[in-house]
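Quick note on numbering: our numbering labels position 73 of the sequence shown as 79, and the sequence is numbered without any gaps. Beta carbons: idealized from backbone N, C-alpha and C, even for Gly.
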Amino acid sequence: MHPQLSPLVAATAQWLLRAYPPGNGAVDRALAEAQARQAVRAAAALRYPTALDAALVDVTGGGGADRLDWVTGAGDDAPWRSWVDEVVASWAACLLGDPALAQAAVAAVAGRATAEYGRLLAPGEADRHAAALLRHPDLLAPVADLHRADLLTALALDPRDPPVAV
C-alpha cells in the first residue's frame, strides 16, 4: 500500500469501527481495529493500485462518509470523516463479512506475503468475539452491497459465479 493512503485507511477504518462497534474493553477495541485496518488496507490497495492513484487521493481526499452515514444511521461532524472513502469502506465490509473474498483480495494485493493480513484472513476466537458486529455479514450488507459488484470486477470475479472457494 502506498504511504499517501494512510489518512484514508485510518479514517475509513475508524468509520467502520464507529458504525460497527467492538466489544467492551481495550483488548477488544485493539483486536477489532486491527481487523478493520487490515480489511481497509487490502481494499485501498485494490482500489488505488498505483502511485499515481494514491497521489491523486492524497490531493483530493477520500470523499467523505455522508452516504455511508445515511445507509447505516451512523455519523457525526468530526473533520477526519472527510477522508473516509465510500468504495473502500464498502469493499472492506465485503472482506470482513466474506472470508473467501478476503482471501481473493489479499492474494491479489499481497500474493503469498499474507502475514500482515493474519487477523483478517484467520481470526481467532478473541478476534471474532471482539469484532462480532464488524464481521456479521447481515449487518455489513447495506454497506458491502453498495460497491460489491465493483469489488468482484476488480478481482476479476463474475457476480453471477458461485461464491469464491476458500
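The alpha helix (DSSP H) spanning residue i covers which residue range?
{"i": "Leu140", "result": "Careful: Leu140 lies outside any alpha helix (DSSP H) and carries neither H nor E."}
{"i": "Gly124", "result": "Gly124 to Leu127"}
{"i": "Leu74", "result": "Asp72 to Thr78"}
{"i": "His135", "result": "Glu131 to Ala136"}
{"i": "Ser12", "result": "Ser12 to Ala25"}
{"i": "Ala60", "result": "Ala57 to Thr66"}
{"i": "Arg53", "result": "Ala32 to Arg53"}
{"i": "Gly103", "result": "Glu92 to Gly103"}
May I have the straight-line CA-CA distance separating residue i from residue j, to the nearest angstrom?
{"i": "His153", "j": "Trp97", "result": "7 Å"}
{"i": "Ala138", "j": "Gln20", "result": "16 Å"}
{"i": "Trp76", "j": "Ala25", "result": "11 Å"}
{"i": "Ala162", "j": "Ala99", "result": "18 Å"}
{"i": "Ala113", "j": "Thr120", "result": "8 Å"}
{"i": "Asp156", "j": "Pro148", "result": "15 Å"}
{"i": "Arg202", "j": "Ala116", "result": "Residue 202 falls outside the range modelled here, since the chain spans only 7 to 172, and no answer is possible."}
{"i": "Arg125", "j": "Glu39", "result": "10 Å"}
{"i": "Ala128", "j": "Ala71", "result": "28 Å"}
{"i": "Arg43", "j": "Arg53", "result": "15 Å"}
{"i": "Ala242", "j": "Thr66", "result": "Residue 242 falls outside the range modelled here, since the chain spans only 7 to 172, and no answer is possible."}
{"i": "Glu131", "j": "His8", "result": "31 Å"}
{"i": "Gly81", "j": "Gly31", "result": "22 Å"}
{"i": "His142", "j": "Ala61", "result": "33 Å"}
{"i": "Tyr123", "j": "Thr56", "result": "20 Å"}
{"i": "Gly79", "j": "Ala16", "result": "21 Å"}
{"i": "Arg118", "j": "Gly29", "result": "31 Å"}
Do residue i and residue j have their CB atoms nearer than 8 Å?
{"i": "Thr18", "j": "Ala95", "result": "yes"}
{"i": "Leu146", "j": "Leu102", "result": "yes"}
{"i": "Val63", "j": "Leu11", "result": "yes"}
{"i": "Trp89", "j": "Pro13", "result": "yes"}
{"i": "Asp34", "j": "Gly69", "result": "no"}
{"i": "Leu1", "j": "Ala136", "result": "Because the chain in this structure spans residues 7 to 172, residue 1 falls outside the shown range and cannot be described."}
Give me the Cβ distance between residue i and residue j, rounded to the nearest whole Å; I'm assuming they're in contact under 8 Å.
{"i": "Leu58", "j": "Leu140", "result": "Contact flag wrong, Cβ pair sits at about 31 Å."}
{"i": "Asp133", "j": "Gln41", "result": "6 Å"}
Inter-stretch contact at 8 Å, needing at least 3 Cβ pairs: the stretch 47-57 / the stretch 105-119: yes
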